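A.B. asks: Protein sequences appear in the order of chains U and X. Under our numbering, think of the first position of the first sequence as 1, with each following residue one higher. Under our numbering, think of the first position of the second sequence as 1, with each following residue one higher. Each residue gets a CB set at the ideal place from its N, CA and C atoms; glycine is no exception. Computed from a predicted model, the values in this text were never measured in an experiment. I'd like to ask you about the structure that follows.
Number of protein chains: 2
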Amino acid sequence: MRPADLALHPSPWLKTLGPCGDVVFSTRIRLARNVEGYPFPARLKEPDPRREFEARLAGWLGEARPAEDLHYWNLDGLKPIERLLLMERHLISRELAQGDGDRGVCFSSAEQISIMTNEEDHLRIQVIRPGLAIDEALAMAIEIDRKLETRIPYAFDDQLGYLTACPTNVGTGLRISVMMHLPGLVLGEQMDKVFNAASRVGLAVRGSHGEGSKAVGDVVQISNQHTLGRTEEEIAEVVRAIVAKIVDYERGVRQHLLEESRARVEDKIWRSVGVLRTARLVGSEESQSLLSAVRLGISMKLYGDLRIGDLNELLVLTQPGHLQAIRGKEIRADDRDAVRATLLRERFKAESN
Amino acid sequence: MRPADLALHPSPWLKTLGPCGDVVFSTRIRLARNVEGYPFPARLKEPDPRREFEARLAGWLGEARPAEDLHYWNLDGLKPIERLLLMERHLISRELAQGDGDRGVCFSSAEQISIMTNEEDHLRIQVIRPGLAIDEALAMAIEIDRKLETRIPYAFDDQLGYLTACPTNVGTGLRISVMMHLPGLVLGEQMDKVFNAASRVGLAVRGSHGEGSKAVGDVVQISNQHTLGRTEEEIAEVVRAIVAKIVDYERGVRQHLLEESRARVEDKIWRSVGVLRTARLVGSEESQSLLSAVRLGISMKLYGDLRIGDLNELLVLTQPGHLQAIRGKEIRADDRDAVRATLLRERFKAESN
């Protein structure tokens with residue numbers, strides 16, 4: 001599949017309700033790896049050595065065949081809209097999308113595996129799974145890592161572990177990120193519980209696009225900040241425990257809201273449905289917040305015309321890159337609100353009749 | 001009809017689209033009159049002289065038969081909710097509803113005529129007509145006044161004219177009030193035009209319940225402040241001219257908005273419809289503002305499921321007294337938002353399918 005076609009074929013896994021899918025969107029594992037004997041990407045002097053090295057990485061990926069059905073793309077060979085699509089799908093990072101120099105990505109058509117080249121590190125292995133699935137995602141990432149290791153001479157130090165461009169990744173090179181939907185805690189004004197629980201054990205709470213992205217509304221990413229001095233399993237254990245606790249908090253608040261403020265919650269959810277069915281202009285942030293309310297409504301069984309997976313999909317499809325790709329043309333920022341509103345009306349009208 | 005039944009039979013004229021009905025809700029004429037030889041109501045000592053005098057006024061009204069089909073009610077004989085209903089229907093003033101002492105009202109079943117006793121003055125004659133209809137309303141008020149004069153010895157001074165409790169009403173005792181719907185001017189941020197035009201010729205701009213009531217949102221009442229030193233026709237001429245000018249302003253802005261900001265206006269109107277169809281809690285002020293947007297939408301032909309008259313009716317039916325009377329019981333202020341939302345959903349759902 002060409003990246004340009006992504007918008008027409010939403011990630012197959014988005015519609016799947018994974019474990020704890022009422023509260024957890026997805027689990028993402030990332031391993032940072034580098035190749036022995038080469039400077040880190042930021043120090044690979046342009047253009048020749050970097051270009052040559054990128055081609056070599058692509059070649060190794062092809063030979064190692066770490067998974068079926070992987071296709072490699074050089075980012076500079078893609079249009080800006082295609083890079084934006086890949087980023088909105090979480091197949092590449094914002095850094096890779098907006099960076100320059102030779103760099104690339106290969107991803108599987110199921111979109112659960114992607115490997116970036118010449119991002120901050122030479123290689124970034126990424127596995128995404130729907131819902132809360134740290135063990136499965138980690139196992140798959142390690143399997144890919146093992147296969148790559150057969151071909152690629154990793155920069156590894158017996159004392160430190162895997163060497164990385166940024167010291168915060170040295171050691172395991174592992175980042176576990178769990179994307180959570182916490183509208184109950186936001187409504188109940190208890191988000192401080194999340195920040196406290198996470199920071200006590202050294203986890204970060206970020207927005208949906210990771211480092212540097214704001215936590216907008218009720219979608220947050222919980223991820224580990226330390227990679228050194230502990231095993232992959234120890235890191236997973238800490239994240240698993242905190243996420244389980246936050247899932248409990250969120251479910252508890254939702255139950256409490258149902259019992260104590262049912263009319264207020266129903267009002268919030270149904271108004272959102274009303275606006276989604278009728279509005280002619282919907283901005284990006286408002287769209288996320290309306291869809292978030294409906295997603296909550298479905299999980300609370302207050303709204304039944306759509307499923308949680310449909311909402312996960314809409315949260316992606318209403319982003320600027322997807323909107324433009326769906327309409328098959330560039331749309332000025334001014335006009336996107338109208339296009340987004342039309343898409344939302346079509347979806348919500350269709351379901352309501 | 002007992003006042004308690006008002007809620008079940010909305011004013012017949014409310015549904016009628018009068019002249020300039022897209023911008024003008026109604027025209028109201030009020031004449032203040034007093035009886036020679038009696039102190040003004042505020043000085044009628046309780047209880048006997050006031051009670052006796054109120055009975056005499058009621059008797060005169062019965063004998064004079066100023067119009068067909070008038071029924072007289074002593075306000076103290078009515079329940080609080082009935083007084084509230086009469087006020088929300090503009091058949092009595094807030095002052096009469098909330099006052100005490102013997103006082104009353106007679107009104108026709110068509111609800112276009114009402115006569116209050118022992119309000120600020122002994123008699124307040126009122127005629128309401130849908131839309132902009134100053135001449136017709138004034139003619140009807142004068143006809144009633146003439147009939148009353150055959151039985152009631154008015155307090156009249158050859159130099160000053162009709163004598164009234166408050167000096168601002170001396171002379172003609174006439175107040176002309178035109179209730180206008182100006183959402184275009186509010187949206188276009190041009191309400192200062194209205195205030196300027198009105199104040200230049202000594203007219204007042206008030207909220208929908210007259211003196212002391214705030215101009216909430218886009219419903220305002222334009223009325224004369226001076227009653228002395230000019231004829232009824234001269235006063236009417238000034239109000240007629242300014243109202244015509246404001247009608248032109250409002251229509252001009254609506255046309256301009258359609259041409260220049262169609263998407264923004266459609267968005268505002270359709271969102272309002274969306275919320276009215278789905279919300280579970282709607283406060284009194286929000287209700288007025290949502291219904292106002294839909295009324296605008298109908299007049300701009302952007303929404304066609306209801307007619308302007310239906311909206312005029314809903315603006316009255318969603319007020320606290322009407323809500324309680326429709327449900328046939330007292331409803332705590334806390335619960336009214338839910339009852340109001342249910343009523344609105346029923347109306348807007350029924351029309352949308």
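1) Would you say Val275(U) faces chain X, with C-beta separation under 7 Å as the test?
2) Kindly confirm or deny that the stretch 3-11 of chain X and the stretch 297-311 of chain X touch, where touching means at least three C-beta pairs closer than 8 Å.
3) Pick out the complete alpha helix (DSSP H) segments inside the stretch 191-245 of chain U, 4 residues or longer, and give them in chain order.
4) Report the rounded CA-to-CA distance for Ala406(X) versus Glu82(X), giving the unit in angstroms.
5) If we call anything under 7 Å between Cβ atoms a contact, is Val275(X) one with Gly274(U)?
6) Any C-beta of chain U sitting closer than 7 Å to the C-beta of Asp305(X)?
7) Taking C-alpha atoms, which residue in Val23(U), Ala165(U) and Gly18(U) lies nearest to Gly297(U)?
8) Does the stretch 129-148 of chain U come close enough to the stretch 86-96 of chain U to have 3 or more Cβ pairs within less than 8 Å?
9) As an exercise, report each continuous alpha helix (DSSP H) stretch of at least 4 residues that is fully enclosed by the stretch 130-202 of chain U, in chain order.
10) Hey, out of Ile176(X), Leu14(X) and Lys45(X), whose CA is closest to Ile125(X)'s CA?
11) Ignore the nearest five residues each way along the sequence and tell me which others in Lys147(X)'s own chain have a CB closer than 6 Å to its CB.
12) Thinking just about the alpha-carbon of each residue, which of Asp102(X), Val265(X) and Asn312(X) is nearest to the one in Leu187(X)?
13) Where does the unbroken beta strand (DSSP E) through His9(X) begin, and where does it stop?
14) Could you give the residue range of the beta strand (DSSP E) that holds Phe53(U)?
15) By the DSSP assignment, the beta strand (DSSP E) with Lys33(X) in it spans what residues?
16) At least one CB of chain U closer than 7 Å to the CB of Trp60(X): is that the case?
17) Can you pull the chain X residues whose beta carbon is under 9 Å from the beta carbon of Ala338(U), in chain order?
18) Which residues, in chain order, does the stretch 318-345 of chain X contribute to contact with chain U at a C-beta distance below 8 Å?
19) Could you tell me whether the stretch 159-178 of chain X touches the stretch 49-58 of chain X, where touching means 3 or more Cβ pairs closer than 8 Å?
20) Are Glu250(U) and Leu311(U) closer than 7 Å when you measure CB to CB?
21) So, does the CB of Leu14(X) fall closer than 7 Å to a CB anywhere in chain U?
22) Taking beta-carbon pairs under 9 Å, can you tell me which members of the stretch 275-290 of chain U lie near chain X?
23) Tell me the start and end of each unbroken beta strand (DSSP E) in the stretch 82-136 of chain U that is at least 3 residues and wholly inside, in chain order.
24) To the nearest angstrom, how far is the alpha carbon of Asn353(U) from that of Arg277(X)?
25) Arg271(X) touches chain U at which residues, Cβ-Cβ below 7 Å?
26) Is the separation between the beta-carbon of Ser11(U) and that of Met179(U) shorter than 7 Å?
27) Do Gly184(X) and Val127(X) have their CB atoms nearer than 7 Å?
28) Where do the ends of the beta strand (DSSP E) carrying Leu281(U) lie?
29) Measuring only the C-alpha atoms, how far is Cys106(X) from Gln288(U)?
30) Between which two residues does the beta strand (DSSP E) harbouring Leu384(X) extend?
31) Would you decide whether Asn196(U) is buried or exposed? Buried here means 16 or more other CB atoms lie within 10 Å of its CB.
32) On the CB-based measure, 16 or more other CB atoms within 10 Å of its CB, does Thr117(X) come out buried or exposed?
33) Using the C-alpha atoms, what's the distance from Arg336(U) back to Ile235(X)?
34) Quick check: the Cα distance between Ser223(U) and Ala244(U), rounded to an integer number of angstroms?
C.D. replies: According to the structure data:
1) yes
2) no
3) 191-200
4) No answer is possible for residue 406(X): the residues shown for chain X start at 1 and end at 353.
5) yes
6) no
7) Val23(U)
8) no
9) 134-149, 183-187 and 191-200
10) Ile176(X)
11) Ala64 and Pro66
12) Val265(X)
13) No beta strand (DSSP E) holds His9(X); DSSP gives it neither H nor E.
14) Unbroken run through Phe53(U) is the alpha helix (DSSP H), Asp48 to Ala64; no beta strand (DSSP E).
15) For the sequence presented, residue 33(X) should be read as Arg rather than Lys. Unbroken beta strand (DSSP E) run through Arg33(X): Val24 to Arg33.
16) no
17) Ala263 and Asp267
18) Ala338 and Ala341
19) no
20) no
21) no
22) Val275, Leu276, Arg277, Thr278, Ala279, Arg280, Leu281 and Val282
23) 104-108, 113-117 and 123-130
24) Low confidence applies here, because Asn353(U) scores a pLDDT of 45, under 50, leaving its location unreliable and the question unanswered by this model.
25) Val275, Thr278 and Ala279
26) no
27) no
28) Segment: none, Leu281(U) is in no beta strand (DSSP E) and carries neither H nor E.
29) 56 Å
30) The question about residue 384(X) has no answer here: the residues shown for chain X are numbered 1 through 353.
31) exposed
32) buried
33) 53 Å
34) 13 Å
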